[in-house]
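Numbering (our numbering), first residue to last: 2 to 227. Written below as C-alpha cells is the structure these notes are about.
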Ligand code: SF4
Ligand code: SF4
C-alpha cells in the first residue's frame, strides 16, 4: 500500500517518543562509570619498592624506571618511572603483579592528545631529602636527563618536519602574521642549522623564538632595502 512505509516509521517514532531518555548528554552529563573501569594507569611512587615486577609482567613494554641506592644501607629508591600509555592495552597485569598496590587504574578517560608523546607520563619523585650513593645518584640523574632530552629531541624533529610541511601553521605559533611566517620559512628553510635552531627554540622557549624570528625578519628586510 502506498505510504505504508511512512506509517510504519511514524509508529516506531511514536513508540519511542514516550520512553525514558537513555542517551547521556556528554560532556554536560558525566558518564556513570563502573567501579572497575580502567581509565589511566597511575603510579603511587610512595608505595613503589622498585621490585620491577610490573616491568617484567607487562607484555607491551609500556613501563620502565630508573633507580638508585641510598648511601646508608642498601635500600633502592625510584628515581624515575615512565608509563608510555600509547602502547598500553589495559590488561591490568601490572596492577595484579605489583606486590604493594603501587599501580592502579583511575577513572580518568579524557586524555586524548594531538601528540603521542603527550600521553607518556614520567614520574620523577623529589629525592632532594635523601642521600644517594654517588654512582647511583649520577646514574639516576642521567636517566632522568636522558628521558627529557629524548623527548625534546623528538619534539624538535617533529617541529622541523612541521615547518617544512606547513610553515604558516608551525611558525604561526610565534608569528601572528601568515606572510611573515612564510617569509621566515623561506629564510631559514635552506639552512639546516638555522632551521634546527629555530625548531629548538620553539620547543624550549617560545618567547625567545618569537624574538629571534623578529630579528631574522628585520635583518632580511634591511638586506632587501640595502
Ligand atoms: S595494563 Fe597491561 S599493557 Fe598496560 S602497562 Fe599494565 S601490563 Fe602493560
Ligand atoms: S611492581 Fe609495584 S612496587 Fe614493583 S616496581 Fe612496579 S610499581 Fe613498583
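From the three backbone atoms N, C-alpha and C, an ideal C-beta is built for every residue, glycine too. These numbers were taken from a predicted model, which means no experiment stands behind them.
Nearest-angstrom Cα separation, counted from residue j out to residue i
{"i": "residue 166", "j": "residue 190", "result": "11 Å"}
{"i": "residue 29", "j": "residue 23", "result": "15 Å"}
{"i": "residue 99", "j": "residue 114", "result": "28 Å"}
{"i": "residue 56", "j": "residue 119", "result": "21 Å"}
{"i": "residue 43", "j": "residue 71", "result": "25 Å"}
{"i": "residue 39", "j": "residue 153", "result": "30 Å"}
{"i": "residue 158", "j": "residue 37", "result": "39 Å"}
{"i": "residue 201", "j": "residue 163", "result": "13 Å"}
{"i": "residue 228", "j": "residue 7", "result": "With the chain running from 2 to 227 in the structure shown, residue 228 is simply not present."}
{"i": "residue 155", "j": "residue 26", "result": "38 Å"}
{"i": "residue 104", "j": "residue 60", "result": "16 Å"}
{"i": "residue 172", "j": "residue 51", "result": "43 Å"}
{"i": "residue 101", "j": "residue 48", "result": "6 Å"}
{"i": "residue 180", "j": "residue 194", "result": "22 Å"}
{"i": "residue 89", "j": "residue 223", "result": "53 Å"}
Reference residue i; option with closest CA among the options
{"i": "residue 77", "options": "156, 43 and 132", "result": "132"}
{"i": "residue 187", "options": "154, 74, 177 and 218", "result": "218"}
{"i": "residue 109", "options": "163, 31 and 117", "result": "31"}
{"i": "residue 208", "options": "176, 194 and 183", "result": "176"}
{"i": "residue 112", "options": "213, 105, 170 and 122", "result": "122"}
{"i": "residue 127", "options": "84, 69 and 58", "result": "69"}
{"i": "residue 62", "options": "87, 52, 97 and 47", "result": "87"}
{"i": "residue 203", "options": "174, 3 and 182", "result": "174"}
Residue environment, residue i, which counts as buried when at least 16 other CB atoms sit within 10 Å
{"i": "residue 216", "result": "exposed"}
{"i": "residue 81", "result": "buried"}
{"i": "residue 66", "result": "buried"}
{"i": "residue 199", "result": "buried"}
{"i": "residue 12", "result": "exposed"}
{"i": "residue 160", "result": "buried"}
{"i": "residue 18", "result": "exposed"}
{"i": "residue 205", "result": "exposed"}
{"i": "residue 74", "result": "exposed"}
{"i": "residue 185", "result": "buried"}
{"i": "residue 15", "result": "exposed"}
For residue i: DSSP bridge partner residues
{"i": "residue 123", "result": "83"}
{"i": "residue 114", "result": "Residue 114 pairs with nothing; no bridge assigned."}
{"i": "residue 1", "result": "Absent from the structure is residue 1, since the part of the chain shown begins at 2 and ends at 227."}
{"i": "residue 133", "result": "71"}
heavy atom of ligand 4 below 7 Å from residue i C-beta
{"i": "residue 64", "result": "Looking at this structure, you won't find ligand 4 anywhere; what it does contain is ligand 1 and ligand 2."}
Beta carbon proximity, residue i to chain B, threshold 8 Å
{"i": "residue 6", "result": "Of the protein chains in the structure, only one exists, and it is not chain B."}
May I have a chain-ordered list of the beta strand (DSSP E) segments no shorter than 3 residues that lie completely inside the region 29-117?
42-44, 64-70, 77-85 and 104-106
Every unbroken alpha helix (DSSP H) inside the region 166-205 [4 residues or more]:
168-172, 179-190 and 193-205
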